[in-house]
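Protein chains in written order, with our numbering: chain D, 3 to 568; chain H, 289 to 389.
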Amino acid sequence: MKFLGFFDLYLNKNNCTRARKVKLLFCSLLLVILFTVVGYRTISLASIKKDNISKIANKDIKPNTFQESLRGNIYDRNKKILATTINTLSLNINPQKILDKRITINKLLQIFPQLNEKYLLKKLNTNKKYISLLREISPREYVRLLQAGIEGLIIQKRLKRIYPNNTLASHILGGTDVDGRGIAGIEKKFNAQLQNGKNINLSIHSGIQHITKKLLSNQINKFEAEGGAGIVMNAKNGEVYSIVSLPDYNANNYNSILDRSLFNKATKGIYELGSTLKLITAAIAFESNLINEDEVFDVSKPLRVSSRVITDFHPLSYSINIPEVIVHSSNIGSAKIAEKFGPSIQLKYLRSLGLMNKLELELPELGRPQVLMDKKILTTMTISYGHGISITPMHLASVTATLVNNGIKVDPTLIIAKSKKNNQQIISQKTSTKMKSIMRLVVSNKYGTAKKAESTGYLVGGKTGTAEKINPTGGYFKNKNIVTFTGAFPMNNPEFIITIMIDDPKGQKFSNGYRTAGWVVAPVVRELVTRIAPILGIKPQLENSSKFYKNLFNYKIRGKNNGANL
Amino acid sequence: MIRYPSLLIVFVILFVAISLYQIKHLITKKEIELSQIKNNINDAQSDLNILNAELSYLKRPERIEKIALDKLGLKEVLPTDIWNLQDLANVTENLNNGELK
Numbered sequence: 003m004k005f006l007g008f009f010d011l012y013l014n015k016n017n018c019t020r021a022r023k024v025k026l027l028f029c030s031l032l033l034v035i036l037f038t039v040v041g042y043r044t045i046s047l048a049s050i051k052k053d054n055i056s057k058i059a060n061k062d063i064k065p066n067t068f069q070e071s072l073r074g075n076i077y078d079r080n081k082k083i084l085a086t087t088i089n090t091l092s093l094n095i096n097p098q099k100i101l102d103k104r105i106t107i108n109k110l111l112q113i114f115p116q117l118n119e120k121y122l123l124k125k126l127n128t129n130k131k132y133i134s135l136l137r138e139i140s141p142r143e144y145v146r147l148l149q150a151g152i153e154g155l156i157i158q159k160r161l162k163r164i165y166p167n168n169t170l171a172s173h174i175l176g177g178t179d180v181d182g183r184g185i186a187g188i189e190k191k192f193n194a195q196l197q198n199g200k201n202i203n204l205s206i207h208s209g210i211q212h213i214t215k216k217l218l219s220n221q222i223n224k225f226e227a228e229g230g231a232g233i234v235m236n237a238k239n240g241e242v243y244s245i246v247s248l249p250d251y252n253a254n255n256y257n258s259i260l261d262r263s264l265f266n267k268a269t270k271g272i273y274e275l276g277s278t279l280k281l282i283t284a285a286i287a288f289e290s291n292l293i294n295e296d297e298v299f300d301v302s303k304p305l306r307v308s309s310r311v312i313t314d315f316h317p318l319s320y321s322i323n324i325p326e327v328i329v330h331s332s333n334i335g336s337a338k339i340a341e342k343f344g345p346s347i348q349l350k351y352l353r354s355l356g357l358m359n360k361l362e363l364e365l366p367e368l369g370r371p372q373v374l375m376d377k378k379i380l381t382t383m384t385i386s387y388g389h390g391i392s393i394t395p396m397h398l399a400s401v402t403a404t405l406v407n408n409g410i411k412v413d414p415t416l417i418i419a420k421s422k423k424n425n426q427q428i429i430s431q432k433t434s435t436k437m438k439s440i441m442r443l444v445v446s447n448k449y450g451t452a453k454k455a456e457s458t459g460y461l462v463g464g465k466t467g468t469a470e471k472i473n474p475t476g477g478y479f480k481n482k483n484i485v486t487f488t489g490a491f492p493m494n495n496p497e498f499i500i501t502i503m504i505d506d507p508k509g510q511k512f513s514n515g516y517r518t519a520g521w522v523v524a525p526v527v528r529e530l531v532t533r534i535a536p537i538l539g540i541k542p543q544l545e546n547s548s549k550f551y552k553n554l555f556n557y558k559i560r561g562k563n564n565g566a567n568l
Numbered sequence: 289m290i291r292y293p294s295l296l297i298v299f300v301i302l303f304v305a306i307s308l309y310q311i312k313h314l315i316t317k318k319e320i321e322l323s324q325i326k327n328n329i330n331d332a333q334s335d336l337n338i339l340n341a342e343l344s345y346l347k348r349p350e351r352i353e354k355i356a357l358d359k360l361g362l363k364e365v366l367p368t369d370i371w372n373l374q375d376l377a378n379v380t381e382n383l384n385n386g387e388l389k
């Protein structure tokens, strides 16, 4: 209570002197404590501490801290990094803080011999307070800079997106701008997730991507072609294992490339893919019930419709059934089949197979198919063998998958384990089995157009297509082709789809001047299947095993002079 | 005249003010610490990314292929190198029955 009395200003006279002494003592103590604290802090701030000195000295030279989180990584299906972000250091300088420019220049030249004296002198002789010297320096150069003790340096941290595999899957990955925003490919499609630090796991298989690219590239060089596209996809769930578009580019240089190599031929480019579309015609024919399975079509004479004459590359002198139309790749036969089911049914199936719309693939670079929809019978006939309909190779891969996947629609996806179970039945299981049987014959039969695609034991099946290239100024180039193969393996239970397209191959001596799909693309398929099947865990099997025959029909195919044997 | 309750209030206010200042100071300190930790995490993540990128660079399929073919002398697996035991049994059976030559 006495202590509290200290604050009582109306103390009685007896206690007055004592109270004043107490007050004085208290105030003195307070002042001493306060001054001690202030004094200690002053001395501690002024004292020479090693940490303080280095902090002050490195205030400018140490890279600025940053708060943003790193952009997420992109992985392939085996968790291999395809794109990642790292910190890099940039070298900048404040010329106003330099004491001796000559010494500074000499020191800089010792560390960075790529800089020249004149350039540095010009840069440092300005009134500016911030000059950028190098956008990227290595950690070793950074250490040497610190050791050199150059005044006025400003080192800044920068984030850099890198693609360790250079050209591998560059069209899928896309690229980022200088601010790190995705501007193409997966980088653009998943920009929001990646910017929040989330990783993206693609269904792409780096090894298969590389093999596809290498084989396609070899064949493009052999046939002096303009480019090409290659796709490997799971036939059941649509997971894409490889998408190759050639020519390609180094993904690390995305922002400095301005030529056609940026164009994704596999998903963005639309082409008339020729006779590969006959598979759809046959499937519609089986499915529509308008055509009897044993019905034959006379292909012995060219077919004249309006002003157009439809001919065959390998003319036959007798009437052939649907499997023979596909195996011999008869345009006349295909046109006659289409004439039977007509434009409405054809367009209905093209729509349900997804050939009227862009795909729902996780890429911004997607091409929209172009289909002539005038419902004229001539158009229906030409579409039946792939003229008057332009689609992307990815569309063709998707259609092939649907045809061999028991008729259930397959939507391609680039994201692993994302595929939803699609129950949309486009064609019946029976039609699918017929299609698989015919596709196998295109490769295995001696009259098939894709004999060179046969890879012993892997039961490859498919369809070739050789189409004249569209002239952008109108009409077709007579001497430029787009050659394609689309198919699956093993045909008794298709696991994987392969679609290969080569743009404008030239006839070569070793190909006897031929530049058809059978000569150009089929050999790529054989090599590709042989190399990727062991990686994909597909075991070779004997064609005459009961397992094979149980799953497929055995159609009889006649040759050029065997018309009487049906 | 200053009464005890008033003095008490003055003390309480002073105490609260000092405590608040202390808390604010502590929070600022913790925020700086948190920011430093975040930056350290980013740096560590970046270092990890560099190492993973290097690993990915070294595991480039074309490099592995070159090493396998040139240095190790490996060859591509052919269908004839892999046999299904059931198929083998079927072939043997067929051969025994004289169906295959």
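Positions of the beta carbon are idealized from the N, C-alpha and C atoms, including for glycine. A quick note: this is a predicted structure, and the numbers were derived from the prediction, not measured.
Legend entry - Boundaries (first-last residue) of the beta strand (DSSP E) holding Tyr144/D: Translated into positions along the first sequence, residue 144/D becomes position 142. That residue, Tyr144/D, is in no beta strand (DSSP E); its alpha helix (DSSP H) goes Pro141 to Ala150.
Legend entry - Contact with chain D by Asp358/H, beta-carbon distance below 9 Å: Stepping through the second sequence from its first residue, residue 358/H is reached at position 70. Not one chain D Cβ lies under 9 Å of Asp358/H.
Inset, instruction - List the residues that DSSP assigns as beta-bridge partners of Lys465/D. - result: Position 463 of the first sequence, counting from 1, holds the residue named residue 465/D. DSSP lists Thr488/D as partners of Lys465/D.
Inset, instruction - Indicate whether at least one CB of chain D lies closer than 9 Å to the CB of Glu353/H. - result: Translated into the one-based positions of the second sequence, residue 353/H becomes position 65. Cβ-Cβ to chain D under 9 Å: yes for Glu353/H.
Inset, instruction - Tell me whether the beta-carbon of Lys570/D lies closer than 9 Å to the beta-carbon of Asn96/D. - result: No information on residue 570/D is available, as it lies outside the stretch 3 to 568 that chain D covers here.
Legend entry - Three-way DSSP call (helix, strand, coil) for Ser577/D in this model: This structure does not reach residue 577/D, given that chain D is present from 3 up to 568, and the question cannot be answered.
Legend entry - Nearest-angstrom Cα separation, counted from Gly184/D out to Val379/H: To locate residue 379/H, count along the second sequence from 1; it is residue 91. To locate residue 184/D, count along the first sequence from 1; it is residue 182. About 56 Å.
Inset, instruction - Take Pro366/D and list the residues in its own chain whose beta-carbon comes closer than 6 Å to its own, dropping the five residues that flank it on each side. - result: For the purposes of this step, residue 366/D is taken as residue 364 along the first sequence, with counting starting at 1. Cβ within range, chain order: Lys190 and Lys191.
Legend entry - For Asn372/H, the nearest candidate out of Gly539/D, Ile286/D and Asp506/D (CA to CA): Here residue 372/H corresponds to residue number 84 of the second sequence, with the count starting at 1. Of the listed residues, the one whose Cα sits closest to Asn372/H is Gly539/D.
Legend entry - Minimum C-alpha distance to Lys482/D - residue among Phe299/D, Glu226/D, Ala419/D and Gln98/D: As a position in the first sequence, residue 482/D is number 480, starting the count at 1. Per the Cα distances, Glu226/D.
Inset, instruction - Could you give the DSSP three-state label for Phe225/D: helix, strand or coil? - result: Here residue 225/D corresponds to residue number 223 of the first sequence, with the count starting at 1. Phe225/D falls in the coil class under three-state DSSP.
Inset, instruction - For Ile105/D, collect the residues of the same chain with a Cβ closer than 7 Å to its Cβ; drop the 5 residues on either side in sequence, then sort them by chain order. - result: Here residue 105/D refers to the residue found at position 103 when the first sequence is read from its first residue. If we look at Ile105/D and ignore the five residues flanking it on each side, it has no Cβ neighbours.
Inset, instruction - Report the rounded CA-to-CA distance for Leu383/H versus Val444/D, giving the unit in angstroms. - result: For the purposes of this step, residue 383/H is identified with residue 95 of the second sequence, where counting begins at 1. For the purposes of this step, residue 444/D is identified with residue 442 of the first sequence, where counting begins at 1. Answer to the nearest angstrom: the Cα atoms are 29 Å apart.
Inset, instruction - Go through the segment 74-150 of chain D residue by residue and report every complete run of the alpha helix (DSSP H) that reaches 4 residues or more, in order. - result: 103-113, 119-126 and 141-150
Legend entry - Segment contact flag, the segment 355-372 of chain D with the segment 257-277 of chain D, C-beta cutoff 8 Å, min 3 pairs: yes
Inset, instruction - Sort Gly489/D, Gly74/D and Tyr387/D by Cα distance to Thr501/D and report the nearest one. - result: What you label residue 501/D is simply residue 499 of the first sequence in a count that begins at 1. Of Gly489/D, Gly74/D and Tyr387/D, the residue nearest in Cα terms is Gly489/D.
Inset, instruction - Pick out whichever of Thr404/D, Tyr256/D and Leu275/D has its Cα sitting closest to the Cα of Glu470/D. - result: Residue numbering aside, residue 470/D sits at position 468 when the first sequence is read from its first letter. Minimum Cα distance to Glu470/D is reached at Leu275/D.
Inset, instruction - Please determine, among Lys363/H, Thr368/H and Leu343/H, the residue with the shortest C-alpha to C-alpha distance to Lys82/D. - result: One-based indexing of the first sequence puts residue 82/D at position 80. Selected option, being the one with the closest Cα: Leu343/H.
Inset, instruction - Output yes if chain D places a C-beta closer than 9 Å to the C-beta of Ser307/H; else output no. - result: Within the second sequence, numbered from 1, the residue matching residue 307/H stands at position 19. No, no contact with chain D.
Legend entry - chain D within 9 Å of Thr316/H, Cβ atoms only: Within the second sequence, residue 316/H is the residue found at index 28, counting from 1. No, no contact with chain D.
Legend entry - Secondary structure of Val379/H, DSSP reduced to three states: Taking the second sequence and counting its residues from 1, one reaches residue 379/H at position 91. Three-state result, Val379/H: helix.
Legend entry - Amino acids of chain H, ordered along the chain, whose beta-carbon sits closer than 8 Å to that of Ile164/D: Locating residue 164/D in the first sequence gives position 162, counting from the first residue. Within 8 Å Cβ-Cβ: Ala341.
Inset, instruction - Give a yes or no on contact between the segment 317-331 of chain D and the segment 293-309 of chain D, applying the rule of three or more CB pairs nearer than 8 Å. - result: yes
Legend entry - Contact under 9 Å by Cβ, Leu91/D with Tyr144/D: Working through the first sequence from its first residue, we reach residue 91/D at position 89. Working through the first sequence from its first residue, we reach residue 144/D at position 142. Contact: yes.
Legend entry - Contact set for Lys326/H: own chain, Cβ-Cβ below 8 Å, skip 5 residues either direction: Counting from 1 along the second sequence, the entry for residue 326/H is found at position 38. Closer than 8 Å at Cβ, skipping near neighbours: no residue.
Legend entry - Partner residues on chain H for Gly209/D, Cβ-Cβ distance less than 7 Å: On the first sequence, residue 209/D is found 207 positions in, with the first residue counted as 1. Pro349, listed in chain order.
Legend entry - C-beta neighbour in chain H for Gln543/D, strict 9 Å: Taking the first residue of the first sequence as 1, we reach residue 543/D at position 541. Yes, Gln543/D counts as interfacial toward chain H.
Legend entry - Pro536/D: contacting residues in chain H (beta-carbon distance under 8 Å): Reading the first sequence from its first residue, position 534 is the one you call residue 536/D. Near Pro536/D (Cβ distances below 8 Å), the residues of chain H are Val365 and Ile370.
Inset, instruction - Check each residue of the segment 76-92 of chain D: if its Cβ is closer than 8 Å to any Cβ of chain H, include it; give the result in chain order. - result: Lys82, Ile83, Leu84, Thr86, Thr87, Ile88 and Asn89
Inset, instruction - Just grab the DSSP bridge partners of Arg310/D for me. - result: By one-based count along the first sequence, residue 310/D stands at place 308. Note: Arg310/D sits in a beta bridge opposite Val307/D.
Legend entry - Short Cβ contact (9 Å threshold) for Tyr447/D with Ile559/D: Sequence index remark: in the first sequence, residue 447/D carries index 445 (1-based). Sequence index remark: in the first sequence, residue 559/D carries index 557 (1-based). According to the sequence displayed, residue 447/D carries Asn and not Tyr. The answer is yes: Cβ separation under 9 Å.
Inset, instruction - Run the CB neighbour count on Leu126/D, radius 10 Å, all protein chains shown included, and call it buried at 16 or more, exposed below. - result: What you label residue 126/D is simply residue 124 of the first sequence in a count that begins at 1. By the neighbour-count rule (16 or more Cβ atoms within 10 Å), Leu126/D is buried.
Legend entry - Cross-strand partners of Ser247/D (DSSP beta bridge): Looking up residue 247/D in the first sequence gives position 245. According to DSSP, which records beta bridges pairwise, Ser247/D is partnered with Ala231/D.
Legend entry - Cut-off 7 Å between Cβ atoms - residues of its own chain near Thr86/D, not counting five sequence neighbours on either side: Mapped onto the first sequence, residue 86/D falls at position 84. Here the set comprises Asn75 and Ile164.
Legend entry - Beta-carbon gap between Val527/D and Val462/D smaller than 9 Å: Counted from its first residue, the first sequence places residue 527/D at position 525. Counted from its first residue, the first sequence places residue 462/D at position 460. A contact, by the Cβ cut-off of 9 Å.
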